[in-house]
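Scroll down for the structure; my scribbles are underneath it.
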Amino acid sequence: MPDSSADEERRIDLSVRDSEAFVRALTDPQPLEDRLSDTIRRYRRRTGV
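Just so we're aligned: the sequence shown equals residues 383 to 431 in my numbering.
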């Protein structure tokens, strides 16, 4: 039988507003700033990722 306290630790209850914001962030992410994009590009080039 699963431990209910462990199950509760994995669950996050969001308001309708927060749920909509979460889905919007996944489906229509904001563009990255140039500096962050450059940093990611350098990291990938150096690490081969």
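Where is the CB? At the ideal position from N, CA and C, for every residue including glycine. Please read these numbers as outputs of a predicted model, since none were measured by experiment.
Taking 8 Å as the cut-off, decide whether the C-beta atoms of residue i and residue j are in contact.
| i | j | result |
| --- | --- | --- |
| residue 404 | residue 414 | no |
What's the C-alpha gap between residue i and residue j?
| i | j | result |
| --- | --- | --- |
| residue 431 | residue 421 | 13 Å |
| residue 424 | residue 399 | 36 Å |
| residue 409 | residue 416 | 21 Å |
| residue 412 | residue 426 | 21 Å |
| residue 394 | residue 401 | 10 Å |
| residue 407 | residue 429 | 27 Å |
Among residues of its own chain, excluding the 5 on either side of residue i, which ones have a beta-carbon nearer than 6 Å to its beta-carbon?
| i | result |
| --- | --- |
| residue 419 | none |
Three-state secondary structure (DSSP) at residue i?
| i | result |
| --- | --- |
| residue 418 | helix |
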